[in-house]
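Trainee: Handing you this structure, nothing more for now.
Here it is as structure tokens:
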């Protein structure tokens, strides 16, 4: 993909990680806006891009678990892409589509619960972590489930009719064999 630079070290479930130049530019701009508190600026930038990275890593993890090789993760300013082997079925494609949201929820929900039950968000430097990886993360995950392409919801929700059809097929097969 054009405009992406490879991040050398980390591989996520075997996938190489790339970042778009515009994401680097926005990160630098955010840092300059928050130059008076550089640590807070870095925490905020890492938390924001952490949402996109986490989501795409979830796809890579689910793809790998389903037996498909993840090739690359591309990180942009407001979205990312996980490139992996073509799934054999619509069911597998739907399961991998759920991976991004599942990864986001695994981080967002515990963080929100901790923030609601402890003074976590008031700890110096953790406010942006709770805001981005907790609340914003949850909102972005839910928005991503809207069943409209190119959002994951366009593929993810297909899992429900597929599962119902499989259930009907099993019930019919059981009736034909005389089992219940």
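In the working numbering, the protein residues as written are 24 to 203.
Beta carbons: idealized from backbone N, C-alpha and C, even for Gly.
Quick caveat: nothing in here was measured; it's all calculated off a predicted structure.
1) Pull up the CB-CB distance for residue 42 and residue 30, whole angstroms please, since I reckon it's below 8 angstroms.
2) Is it the case that the Cβ atoms of residue 113 and residue 183 are separated by a distance below 8 angstroms?
3) Shortest alpha-carbon distance to residue 64 belongs to which of 27, 163 and 149?
4) Is residue 102 helix, strand or coil by DSSP?
5) Once DSSP output is grouped into helix, strand and coil, what is the label at residue 146?
6) Helix, strand or coil: which one does DSSP assign to residue 58?
7) Quick check on residue 101: buried or exposed, where buried means 16 or more other Cβ atoms within 10 Å of its Cβ?
8) Does the structure place the stretch 135-143 close enough to the stretch 103-118 that three or more beta carbon pairs sit under 8 angstroms?
9) Could you check what DSSP says for residue 29 in three-state terms: helix, strand or coil?
10) Considering only the alpha carbon of each residue, which of 33, 32 and 97 lies closest to residue 47?
Mentor: With the given structure in hand:
1) 6 angstroms
2) no
3) 149
4) coil
5) coil
6) coil
7) exposed
8) no
9) strand
10) 97
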